[in-house]
Each structure stands twice: as structure tokens, then as C-alpha cells.
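Here the structure comes first, spelled out in C-alpha cells, and everything after it is commentary.
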Amino acid sequence: MVKRLKKRFMLISLLSVFAALIVLVASMNIINYRKLVSDSDRILVADTTADYSLPEEYDDILEDSSIITGISSITVSDGSSFNVSGGNDQLFVFMGSNKIFSAHIDPDMNMTTLRSTLFGYSESQYEEYAVKAVKSGKERGFVDDFRFKVKPDPDGGYEVVCCNVSESLNNFRNFLEISIGVSVAGILVLAVILFFVSDKAIRPIVESYEKQKRFITDAGHELKTPLTIIRADADALEMDIGDGNEWVSDIRKQTIRMNELTNNLILLSKMEETHLTRAVETVQLHDVVEEQSRSFKAVAESCGVDMNVDVTDTIVKGDTKMLTQLVSILMDNAVKYCPDHKSIDIKLIHDQKNAILEITNDTKEDIKEESLKHLFDRFFRTDSSHNSETGGHGIGLSIARAIVDSHKGKITAEKRTDYSITFKVLLPLEQ
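Numbering-wise (my numbering), the sequence shown opens with residue 362 and increments by one.
Below you can see the structure in the form of C-alpha cells.
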């Protein structure tokens, strides 16, 4: 129980922090990405009226043909970049204020004009980027490390403006990787911290639970003595006044009932102990089901209830006594709550991993979906009055769940119709 509670505490804590980090990291990176896009688009919009020109201090450089060749004409202005016009057969340009190029693409997907402030790109590369931008079908987007803007021309061509944002994209990717890495590292560090401090965090809950179990066990043992005395006194009184006295008979019935409840509470408390050891042996589960069904068949038939049994050979590992008690509890529950002249269906099959026991019975009232998850709680009854006419104490299904849990299985309650219910048990097969 302590290990299970510790795991649950750690899991909930880690998932909570993980969810918060996802929201935080995603928000930061979305904001970062939108800023990148916004800044790039602002440059693209400004470029539509830009004049690529070179400052006057670069006039001497332009006279060096070893640096710039194949340019038919250059217009120099006071701006931060220069404008190139003329032939496109060979083009070398100097970086201006922004790493931008613009090109016109005709309807045949050929580049007809080009302006650029970029180094290290050939005309074929410019054309490739521009054509990719046009073929994307988007007005704005990314092609490799370029942010582009496409504007259709009346003649069927396209004016494409591209801005090299490789530095911004690299910064964005680096920030994304770092933020994810830091988050993962933080989760791992938190997991280590929780592993060492979770025992202290759940200690009050564990102590409260242990006190509750000790109280039930101690109270049960303390009640046994007075119950035994009351029953003995009732027997002695019956000997004095003779058989058939309804008051004495009622005392005996209630002491027997109270004694059963006390024993069941002690049993349940012991079964929920984490250190409880159980016998592990090969159990012919089909034999257990058939034997118990024969025991309850006479009781069912006395109420006009048909009991249909369908079992296949199924072998599991477990405690024979506990599994017999499990089947007995479920069948007893079905017989008690099945209306007269209805039916109970008992089915035992198995798949590759689990034995599957299903016990279905009609019910006297419509069980609400909300009540299904509480059926295995102690003292829970579907009728709020806790009428005891059906017998039992509302603790049998709690014992059934404890038995299934101790065998690493699963038990559930499902509605088949408004007036029928199925208890389904999964138990691991013997491997």
C-alpha cells in the first residue's frame, strides 16, 4: 500500500510539473516564433519600396574589377545598399542593411529579374528559392532559411521577395532545444528529489491508514469476547426457559451476525496488509467455480432462480482458499440480489494472459452508473436505508476486491441492462 501510494504521489507530482512545463515552454517558443515571423515580414514589406544602393565610401571598391565583374551599370545613392540593373549572366553583390533578394518569376517559372544584397549565392540558387516559394501556393512562408512573400503580377508572373533569416532560425532552434533540454533535466531532477522526500510527504496518510487498520483489528478482537459471552448466556437462557422463545432466538441470530461481521472486518484488515503472505499454488479455477456453483444451485432453485454455468479448463497461480472465498462471495451476492424466477449466468473462459470469470444476475432495482464504482467500498449498499433483510453486511465485495488485488488481478462491475449487472474478474494465468 505504501509503495503504491508513493508511486501515485510521484506520478501525480511529475505529471503536474510536466504539464506546467509544456505550457510554459510551448508559450515561450510560440511567442519567439511569432516574433521571428513578424520581424521577417516587416523586412519583406519594407523591401517593396527599397532601393538597393551602396554608400559613397565604397566608390573606390567598385572600380576594382577583381571584386565586381559582369555588371553593366551601378547606381550609387546615400542608402545602405546598392541597386543592380542590367544583365543577369554573372552577379556579385555586397551585403546591405538586410539579407534580401527579390526576383520576378514569369508564368513559365523562369526568373527574369533579380535584385540582391546577399553573398555566396548563384543565380540558379536564387531562381530555385523563388520558384519554390511560388509553387508553395502561399503568400508568405519559409523556404529553407528564407522567409518569402509572393505577389502575383497582372501578366501572370510573380514578384517574389525573400529574406535570409538563418541566424534568427538558428537562434529559435537553439532556444527550443535548450528549453526542452532544461525541462527534461528539471523533470529528472524533480523525480530524484521526489523519490527521497515522498516518504516524508505521505507519512501522515500512511500513519492514519495504519491507525485505522489497527483500530479495526483491535476492536474486532475486543468484540469477540463479549459476543461469545452473550451467545453463551443466550444458550443458557434457552435451556432454562425452553426452545422457541423469540427473544432468545433473536439474540442468538444477532450475535451470530455480529460475530460474522467482526470476523470479516478482521479478515479484510489483514488482507490489506502489505506484508500479508499467501499460499501460491496451482489452482484449477474451473473446479472451484463448478464446486461453488453446485453449493449455491439448491439455494437458487428454491427461489425459482435458474443458474447457468459455462466453464472451460482454466489454471491460475494463487491461494486456493482465498480464490474459493472470492467465487463464493460473488455467487452469494448474485443469489441474494437476484429476483425470484430470474436467472444467474456464470461463465469462466480465458485468453492468452488472463482467466476471465463473469457472473451476471438480474437485479430488483435499477443500479445507477454512479453506484457501480462504489460497490466495492466497505458497507456500501445500493439502497441508502442499509436494509439487512437480504443478509450480509455490505463488506463481501470489499473482501472480493482485496483477494483479487492480492492476486494482481482486476475486478469490475458493469451494467448489462437497466436491471442486470455483471461482475467481471481477471486473474493472471499460470505461466
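For each residue, glycine too, the CB sits at the ideal point set by N, CA and C.
Proximal residues to residue i (C-beta, below 6 angstroms), its chain only, five neighbours per side dropped
i: Thr773; result: Lys785
i: Phe370; result: Ser559 and Ile563
i: Asp836; result: The displayed coordinates of the chain run from 362 to 792. Any statement about residue 836 would go beyond what the structure contains.
i: Lys725; result: Pro700
i: Ser689; result: Gln653
i: Val696; result: Phe657, Val660 and Ala661
8 angstroms CB neighbourhood of residue i in its chain, flanking five on each side removed
i: Ser654; result: Met668, Val670, Met692 and Ile707
i: Arg739; result: Leu629, Gly755, Ile756 and Ser759
i: Ser540; result: Val386, Met389 and Asn390
i: Ser377; result: none
Among the options, nearest to residue i - alpha-carbon criterion
i: Val492; options: Pro515, Phe480, Thr478 and Val522; result: Val522
i: Asp505; options: Gln486, Leu709, Lys512 and Phe737; result: Gln486
i: Ser529; options: Leu397, Thr721 and Lys367; result: Leu397
i: Asp611; options: Thr724, His735 and Asp596; result: Asp596
i: Glu652; options: Ser663, Glu642, Val666 and Thr681; result: Thr681
i: Arg767; options: Met683, Val363, Leu598 and Pro513; result: A quick correction: the sequence has Ser, not Arg, at residue 767. Minimum Cα distance to Ser767 is reached at Met683.
i: Tyr798; options: Val406, Thr783, Val363 and Asn532; result: In this structure the chain extends from 362 to 792, so residue 798 is not present and cannot be described.
i: Thr478; options: Glu583, Leu622, His465 and Ile461; result: Ile461
i: Gly518; options: Ile466, Val641 and Lys697; result: Ile466
i: Glu731; options: Ser689, Lys776 and Leu790; result: Lys776
i: Asn525; options: Arg508, Pro515 and Arg534; result: Arg508
i: Lys367; options: Lys561, Lys678 and His711; result: Lys561
i: Asp579; options: Glu791, Asn624 and Gly603; result: Asn624
i: Phe556; options: Leu788, Ile717, Asp601 and Lys364; result: Lys364
i: His702; options: His711, Cys664 and Leu551; result: Cys664
i: Glu488; options: Ile710, Glu520, Val765 and Gly542; result: Glu520
i: Ser401; options: Lys510, Thr783, Phe480 and Val644; result: Lys510
i: Val406; options: Glu719, Arg575, Lys771 and Glu500; result: Glu500
i: Leu787; options: Ser781, Leu736 and Gly679; result: Gly679
7 angstroms Cβ shell around residue i - same chain, five flanking residues per side excluded
i: Phe379; result: Ile548
i: Asp674; result: His647
i: Ser704; result: Val666, Asp667, Asn669 and Asp723
i: Tyr698; result: Asn722, Thr724, Lys725 and Thr751
i: Asn606; result: Glu599
i: Lys714; result: Pro789 and Leu790
i: Asp514; result: Glu520
One or two residues paired with residue i in a DSSP bridge
i: His711; result: Ala716
i: Asp706; result: Asn669 and Thr721
i: Cys699; result: According to DSSP, Cys699 bridges with nothing at all.
i: Ser477; result: Phe462
i: Glu520; result: His465 and Lys512
i: Asn525; result: Phe507
i: Thr783; result: Thr721 and Glu775
i: Leu788; result: Ala716
i: Met472; result: Ile466
Just to confirm the assignment: which complete beta strand (DSSP E) runs, minimum length 3, are found wholly within the segment 491-517?
501-504 and 507-513
When you compare the segment 482-501 with the segment 464-471, are there three or more beta-carbon pairs, one atom per stretch, that lie closer than 8 angstroms?
yes
To test your reading of the DSSP string, which unbroken alpha helix (DSSP H) runs of 4 or more residues are found completely within the segment 608-688?
646-663
Could you check whether the segment 612-620 touches the segment 586-601, counting it as contact only if at least three pairs of C-beta atoms, one from each stretch, sit closer than 8 angstroms?
yes
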